[in-house]
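Data first, discussion second: the structure below is written as structure tokens.
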Amino acid sequence: MGADKGKTVVGFIGLGVMGHSMAGHILAGGYDLLVYNRSRDKATELVARGARWKDDIPSLAAESDVVITIVGYPKDVEEVYLGAKGLVANARPGTVLVDMTTSSPALAVRIAGAAAERGISALDAPVSGGDRGAREGTLSIMVGGEKEAYEQVLPIFHLLGQNVVLQGGPGCGQHTKMANQIVIASNMMGVCEALAYAKGAGLDPEQVLSSISGGAAGSWSLSNLGPRILAGNFAPGFYVKHFIKDMSALRRRAAGTTAPRPCTSSTTARDAYRSGRAEGEK
Numbered sequence: 000m001g002a003d004k005g006k007t008v009v010g011f012i013g014l015g016v017m018g019h020s021m022a023g024h025i026l027a028g029g030y031d032l033l034v035y036n037r038s039r040d041k042a043t044e045l046v047a048r049g050a051r052w053k054d055d056i057p058s059l060a061a062e063s064d065v066v067i068t069i070v071g072y073p074k075d076v077e078e079v080y081l082g083a084k085g086l087v088a089n090a091r092p093g094t095v096l097v098d099m100t101t102s103s104p105a106l107a108v109r110i111a112g113a114a115a116e117r118g119i120s121a122l123d124a125p126v127s128g129g130d131r132g133a134r135e136g137t138l139s140i141m142v143g144g145e146k147e148a149y150e151q152v153l154p155i156f157h158l159l160g161q162n163v164v165l166q167g168g169p170g171c172g173q174h175t176k177m178a179n180q181i182v183i184a185s186n187m188m189g190v191c192e193a194l195a196y197a198k199g200a201g202l203d204p205e206q207v208l209s210s211i212s213g214g215a216a217g218s219w220s221l222s223n224l225g226p227r228i229l230a231g232n233f234a235p236g237f238y239v240k241h242f243i244k245d246m247s248a249l250r251r252r253a254a255g256t257t258a259p260r261p262c263t264s265s266t267t268a269r270d271a272y273r274s275g276r277a278e279g280e281k
């Protein structure tokens with residue numbers, strides 16, 4: 000049975016570039032929404048629309064039936080979930096915890112195990128689609144965890160995304176997101192190089208974009224981010240520092256699987272993003 004919007008209280012932690020829009024969809028979907036963020040000002044608009052601010056994680060956890068988080072780094076996830084004032088220690092038995100941060104498969108497994116000991120369910124459910132996907136509710140959501148918990152929160156997932164797939168047990172959502180990042184990393188480099196080449200060759204970049212988007216080179220990044228690049232819109236939909244974090248982690252995570260060790264594309268992309276970060280997060 001799915002989460003009943005008339006009875007289910009949803010807690011949301013992390014109101015950044017992605018989280019603010021995602022929390023807004025849950026509120027618009029009719030759920031009683033509790034919010035917490037390290038910077039309270041980011042919750043102002045949501046509270047004005049009817050969300051309820053909580054001063055800390057324990058108080059949010061104590062009232063929530065489902066808690067969704069999307070924070071920065073694995074160390075943040077660990078603190079939010081496994082700290083003394085974290086979700087696992089303070090949520091009620093029967094609560095479903097959903098981490099949508101791009102984090103660590105091993106950490107997701109640890110959280111699920113710790114949660115199970117207290118009668119709590121935990122899902123890892125990272126997303127892809129950037130700030131636009133978050134705003135439009137069209138994210139791809141890759142879920143790891145128990146099927147019963149997944150089905151319970153599926154109505155909430157459908158408010159946030161159009162492509163929602165249970166990939167397997169705990170950690171499988173995070174492994175799927177790493178596969179996604181391998182593709183995105185090199186693809187974005189190709190998009191930028193192609194548009195720079197077109198401009199340097201004296202072509203109309205917009206016409207070039209139209210042609211190559213409809214052919215074998217077509218991709219989500221080309222169609223959705225190419226126009227933003229040409230318009231000079233470099234507002235971050237995903238911060239460079241987080242992409243560097245993902246690329247750096249790939250080699251470590253692959254060591255624990257039977258997959259080939261990520262090499263050329265992810266390493267080259269990581270180094271390129273590191274160089275680019277010297278110019279800022281845009």
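According to numbering that gives the first Met the number 0, the residues represented by the sequence shown are 0 to 281, in order. Quick reminder that beta carbons are idealized off the backbone N, C-alpha and C, glycines included.
**Item:** Burial state of lysine 53, where buried means 16 or more other Cβ atoms lie within 10 Å
**Value:** Within the sequence shown, residue 53 is the residue found at index 54, counting from 1. It is buried - the Cβ of lysine 53 has at least 16 other Cβ atoms within 10 Å.
**Request:** Say yes only if the C-beta of alanine 197 is nearer than 8 Å to one or more non-hydrogen atoms of the ligand FAD, and no if none qualify.
**Result:** Absence of the ligand FAD from the depicted structure is noted, as is the absence of any ligand whatsoever, leaving it without description.
**Request:** Would you check if the distance between the CB atom of isoleucine 69 and the CB atom of methionine 141 is smaller than 9 Å?
**Result:** If you number the sequence shown from 1, residue 69 lands on position 70. If you number the sequence shown from 1, residue 141 lands on position 142. The answer is no: Cβ separation not under 9 Å.
**Message:** If you measure between the beta carbons of lysine 41 and histidine 19, is that distance less than 9 Å?
**Reply:** By 1-based counting over the sequence shown, the position of residue 41 is 42. By 1-based counting over the sequence shown, the position of residue 19 is 20. Contact: yes.
**Simplified DSSP state of aspartate 40, which is helix, strand or coil** = Here the question's residue 40 lines up with position 41 in the sequence shown. In this structure, aspartate 40 counts as helix in the three-state DSSP scheme.
**Prompt:** For isoleucine 109, which three-state DSSP category applies?
**Reply:** Position 110 of the sequence shown, counted from the first residue, corresponds to residue 109. Looking at the sequence itself, residue 109 is arginine, so the reference to isoleucine does not match. In the structure shown, arginine 109 sits in a helix (DSSP, three-state: H, G or I).
**Message:** What does the Cβ neighbour count give for asparagine 232, buried or exposed, with the cut at 16 atoms within 10 Å?
**Reply:** Counted from its first residue, the sequence shown places residue 232 at position 233. Exposed.
**Asked** Assuming glutamine 166 and glycine 172 make a contact with CB atoms under 8 Å, what is their CB distance in whole Å?
**Response** The residue given as residue 166 occupies position 167 in the sequence shown. The residue given as residue 172 occupies position 173 in the sequence shown. About 6 Å separates the two Cβ atoms, so the contact holds.
**Presumed contact (8 Å Cβ cut-off) between alanine 90 and valine 66, rounded CB distance** = Locating residue 90 in the sequence shown gives position 91, where the first residue counts as 1. Locating residue 66 in the sequence shown gives position 67, where the first residue counts as 1. The pair is a contact, with the Cβ atoms about 7 Å apart (cut-off 8 Å).
**Prompt:** Considering only C-alpha positions, which residue in the set Gly136, Met188, Gly168 is nearest to alanine 27?
**Reply:** For this step, residue 27 is matched to residue 28 along the sequence shown. Of Gly136, Met188, Gly168, the residue nearest in Cα terms is Gly136.
**Request:** List the DSSP bridge partners of leucine 165.
**Result:** Numbered from 1 along the sequence shown, position 166 holds the residue referred to as residue 165. Answer is Val142.
**Item:** glutamate 62 to valine 8 span [Cα, whole Å]
**Value:** Here residue 62 refers to the residue found at position 63 when the sequence shown is read from its first residue. Here residue 8 refers to the residue found at position 9 when the sequence shown is read from its first residue. Going by the C-alpha atoms only, they are around 7 Å apart.
**Asked** Going by DSSP, which residues form a beta bridge with threonine 68?
**Response** Mapped onto the sequence shown, residue 68 falls at position 69. Paired residue(s): Ile12, Asp98.
**Item:** Coil, strand or helix - glycine 160 by DSSP
**Value:** To locate residue 160, count along the sequence shown from 1; it is residue 161. Strand.
**Prompt:** In chain order, what residues of the same chain lie with their CB nearer than 8 Å to the CB of isoleucine 25, ignoring the 5 residues before and after it?
**Reply:** Along the sequence shown, read from residue 1 onward, the residue named residue 25 stands at position 26. Closer than 8 Å at the Cβ level, and outside the excluded window around isoleucine 25, lie Val9, Phe11, Leu32, Ile67, Ile155, Leu158, Leu159.
**Item:** Residue span of the beta strand (DSSP E) that contains tyrosine 35, given as start and end
**Value:** Taking the first residue of the sequence shown as position 1, residue 35 is located at position 36. Its beta strand (DSSP E) spans residues 31-35.
**Item:** First through last residue of the beta strand (DSSP E) which encompasses alanine 120
**Value:** Sequence index remark: in the sequence shown, residue 120 carries index 121 (1-based). Going by the sequence as given, residue 120 is serine instead of alanine. Start and end: 120-123.
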